[in-house]
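Just below is one structure, and these are the notes that go with it.
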Amino acid sequence: PIGKLVSYRTNFQESWLWKNVSIGRSGSRKLIEVVPDTTTSWYLTGFSIDPVYGLGIIKKPIQFTTVQPFYIVENLPYSIKRGEAVVLQFTLFNNLGAEYIADVTLFNVANQTEFVGRPNTDLSYTKSVSVPPKVGVPISFLIKARKLGEMAVRVKASIMLGHETDALEKVIRVMPESLVQPRMDTRFFCFDDYKNQTFPINLDINKKADNGSTKIEFRLNPNLLTTVIKNLDHLLGVPTGCGEQNMVKFVPNILVLDYLHAIGSKEQHLIDKATNLLRQGYQNQMRYRQTDGSFGLWETTGGSVFLTAFVGTSMQTAAKYISDIDAAMVEKALDWLASKQHFSGRFDKAGAEYHKEMQGGLRNGVALTSYVLMALLENDIAKAKHAEVIQKGMTYLSNQFGSINNAYDLSIATYAMMLNGHTMKEEALNKLIDMSFIDADKNERFWNTTNPIETTAYA
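Under full-length UniProt numbering, think of the first position of the sequence shown as 1, with each following residue one higher.
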């Protein structure tokens with residue numbers, strides 16, 4: 001009858017009735033359950049366990065259908081953009097055997113909706129449409145969403161002066177009109193006592209950001225390496241590609257093993273996986289070993305100074321975890337490196353390479369010379385065998401020291417001097433610190449180069 005209370009369908013579960021019941025000796029049990037609001041066919045299945053007869057399973061699912069004489073089916077999108085004109089579509093079904101005129105009303109819930117072409121103050125919009133029996137009749141409303149977040153879509157349809165009515169309510173997501181621009185701001189807090197402390201964090205939000213679209217997510221990790229620990233598996237990769245690419249994927253496996261052993265990890269599956277990847281990477285890298293003991297990008301391209309130093313250092317570290325690595329192979333690679341020193345003590349680029357920062361010839365060879373010296377200094381055999389080469393290289397770096405104005409070059413040169421115990425190591429470190437930048441808000445020090453993370457790591 002007209003004016004009767006309308007119940008909106010809101011429960012549209014696709015599966016339900018997960019229930020465990022006990023059945024007595026009668027062998028039957030009556031259940032009274034509220035069926036979800038979806039108009040569809042349901043399939044009921046189950047199994048039983050009996051101390052005498054064991055396991056029993058329903059041979060064929062029991063089917064039943066939930067349907068009304070007159071009902072609405074929604075065809076709503078999952079999400080829409082705020083302020084964008086969108087068509088909300090519905091379909092009406094009539095199972096009464098005669099054609100009726102249906103009045104369909106879409107409501108403006110909590111003033112979240114604007115009906116396009118209608119006054120902004122409208123709280124609802126009603127349309128009428130003829131609905132023949134057994135035929136789906138579409139009807140649509142052109143709207144705009146006013147607010148971000150979840151928007152309730154509430155619609156009601158009735159025929160026969162309200163004697164047959166259906167109503168439903170669903171939620172769709174309203175997204176900002178512009179593209180999402182994620183930004184991450186990381187802070188490191190360190191304190192020595194257990195007193196409560198306040199750390200102000202200034203949020204620099206772009207003034208052009210869509211009004212109300214800002215979402216802030218805050219995460220606090222008591223351990224600086226918590227995120228790393230949880231995602232170590234993602235650092236592991238199968239070494240493939242050319243000589244440099246293979247090494248770029250090879251080295252993270254070493255670092256993961258270093259970390260797992262340092263913390264005494266019991267994650268044996270990770271240790272085994274990383275170890276196997278090291279073996280695979282080592283075998284792949286041997287394809288790029290040249291006849292003179294150096295390593296190149298490809299099998300026959302000739303040796304690369306940077307790549308050979310990279311391989312020598314990395315393979316020596318990896319030898320802690322796999323016995324496959326031949327120490328004589330590493331020694332011969334470092335011997336080849338030593339032979340490439342210029343009479344001035346500098347090491348120049350030789351062979352193709354992708355690591356642009358290591359093309360030291362562009363800046364008098366400081367970066368590449370420092371990198372090669374590091375490889376020699378970190379190998380005990382090479383350190384003793386090529387002491388004269390190392391000394392000559394250090395003399396070159398000290399002579400170039402006054403003209404080093406690039407933070408990356410200085411960071412790697414300082415690192416090499418520290419390994420060597422050079423008399424200029426403190427002076428180099430102080431100069432490097434003077435070239436740094438400090439973000440007082442974040443309590444961070446960094447170096448403004450094309451490789452800020454690598455530069456900071458060397459520092």
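Glycine included, C-beta positions come from ideal geometry on N, C-alpha and C. Only a predicted model underlies this, so the values are computations on that prediction, with no experimental measurement involved.
For Q89, the enclosing beta strand (DSSP E) starts and ends at V86 to N94.
Ranked by how close their Cα comes to the Cα of N108, the residues Y71, P132, R146 and N20 have R146 in first place. Here Y78 is not near I159, since their CB atoms are 8 Å or more apart.
In summary, A98 is exposed, with fewer than 16 beta-carbon neighbours lying within 10 Å of its beta-carbon over all protein chains present. Counted as a single uninterrupted DSSP element, the alpha helix (DSSP H) harbouring L419 occupies residues A407 to N420. Selection P132, A440 and T113 evaluated against L123 yields T113 as nearest (Cα-Cα). Contact between P132 and L96 fails: their C-beta atoms lie close to 10 Å from each other, not under 8 Å.
By the criterion of at least three beta-carbon pairs nearer than 8 Å, the region 38-57 is not in contact with the region 83-92. If you ignore the 5 residues before and after G312, its C-beta comes within less than 6 Å of the C-beta of V330, A333, L334 and A375, all in its own chain and listed in chain order.
Closest in alpha carbon position to P36, among E444, T45, T10 and L429, is T10. By the CB criterion at 8 Å, E177 and V153 fall outside the cutoff. Within its own chain, the residues whose Cβ lies closer than 6 Å to the Cβ of G212, once the five positions on either side in sequence are excluded, are L148, listed in chain order. If you draw a straight line from the Cα of L255 to the Cα of C242, it is about 21 Å long.
E331: member of the alpha helix (DSSP H) spanning A327 to S339, first to last residue. Taking R29 as the centre and dropping the five residues before and after it, the same chain places the C-beta of V21 and I23 closer than 7 Å to its C-beta, in chain order. By the criterion of a C-beta distance shorter than 6 Å, A102 is surrounded in its chain by L92, V129, V131, A157 and I159, once the five residues flanking it on both sides are discounted. I58 sits exposed, since fewer than 16 C-beta atoms from the chains shown fall within 10 Å of its C-beta. Per DSSP, the continuous beta strand (DSSP E) segment holding E74 begins and ends at F70 to E74. DSSP, reduced to helix, strand and coil, places Q63 within a strand of the structure shown. For the pair A350 and G393, the CB atoms are not nearer than the 8 Å cut-off. Cα atoms of G345 and Y371: separation of roughly 13 Å, rounded to the nearest angstrom. If you look at D380, you'll find it in the alpha helix (DSSP H) that goes D380 to K385.
If you check the CB distance, L397 and V366 come in under 8 Å. D441 sits away from N206, with the two beta carbons spaced by 8 Å or more. No Cβ-Cβ contact shorter than 8 Å links L377 with A318. G46 carries a coil assignment under DSSP once its states are collapsed to helix, strand and coil. Of I438, A457, F188 and A262, the smallest CA-CA separation from L410 is found for A457.
Contact fails between the region 133-142 and the region 186-201, because fewer than three Cβ pairs, one in each stretch, are under 8 Å apart. For L257, the number of other beta carbons within 10 angstroms of its own is at least 16, and it is reported as buried.
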